[in-house]
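Participant: Below is the structure I would like to discuss, written out as structure tokens.
In the numbering used here, the protein residues as written are 4 to 133.
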């Protein structure tokens with residue numbers, strides 16, 4: 004199954020806080036389900052900036068130490084992708100907005116993330132997503 008690594012706390016926000024846009028510098032033509040992998044790396048500075056942004060959206064995020072990292076944490080459906088010069092909601096200006104729907108939590112799967120879209124073996128996913 005296709006997967007995307009997303010740094011925390013953004014990965015958490017996609018699955019648990021209805022973050023319905025993933026901002027990327029590149030477009031995606033794929034539509035359908037994709038695994039959300041919580042990347043291993045997250046600096047304190049990145050976390051604090053994200054925390055401030057999430058608070059502006061009315062979302063209180065967990066403390067950094069309690070966020071899962073280096074694991075697949077959920078599944079979401081990519082339904083559209085559009086470039087936008089304007090910031091709106093979760094979408095940042097000058098980025099491709101991957102529009103997301105139907106976030107689902109799964110039993111976390113320890114996995115090493117990769118850049119771009121990557122594949123996670125179906126047998127790993129079927130055990131926890133059923």
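We put the beta carbon where it would ideally sit given N, CA and C, even for glycine. This structure is a prediction, so every number in the text was calculated from the model and none was measured.
Output needed for residue 103: all residues of its chain with C-beta closer than 8 Å, excluding positions within five of it in sequence on either side, in chain order.
Facilitator: As a working mapping, residue 103 is identified with position 100 in the chain shown. Only 17, 22, 23, 24, 25, 79, 80, 81, 82 meet the Cβ criterion.
Participant: If you reduce the DSSP assignment to three classes, tell me which class residue 6 lands in.
Facilitator: For the purposes of this step, residue 6 is identified with residue 3 of the chain shown, where counting begins at 1. Looking at residue 6 - three-state DSSP - the assignment turns out to be strand.
Participant: Pull up the CB-CB distance for residue 108 and residue 77, whole angstroms please, since I reckon it's below 8 Å.
Facilitator: Along the chain shown, read from residue 1 onward, the residue named residue 108 stands at position 105. Along the chain shown, read from residue 1 onward, the residue named residue 77 stands at position 74. Yes, residue 108 and residue 77 are in contact; Cβ-Cβ is about 5 Å, under 8 Å.
Participant: Taking the beta strand (DSSP E) that residue 81 falls in, what are its first and last residues?
Facilitator: By one-based count along the chain shown, residue 81 stands at place 78. It spans 74–87 - the beta strand (DSSP E) in which residue 81 sits, taken as one unbroken run.
Participant: List the DSSP bridge partners of residue 56.
Facilitator: For this step, residue 56 is matched to residue 53 along the chain shown. For residue 56, which the question treats as bridged, DSSP gives no partner whatsoever.
Participant: What's the gap between the Cα of residue 65 and the Cα of residue 33?
Facilitator: To locate residue 65, count along the chain shown from 1; it is residue 62. To locate residue 33, count along the chain shown from 1; it is residue 30. Roughly 31 Å between the two C-alpha positions.
Participant: Between the alpha carbons of residue 44 and residue 120, how many angstroms are there, rounded?
Facilitator: Along the chain shown, one-based indexing puts residue 44 at 41. Along the chain shown, one-based indexing puts residue 120 at 117. Approximately 17 Å, taken between the alpha carbons.
Participant: Mapping DSSP to helix, strand and coil, what is residue 31?
Facilitator: For the purposes of this step, residue 31 is identified with residue 28 of the chain shown, where counting begins at 1. Three-state result, residue 31: coil.
Participant: Could you check which residue in 47, 114, 70, 58 has the C-alpha nearest to that of residue 14?
Facilitator: For the purposes of this step, residue 14 is identified with residue 11 of the chain shown, where counting begins at 1. Ranking 47, 114, 70, 58 by Cα distance to residue 14 puts 70 first.
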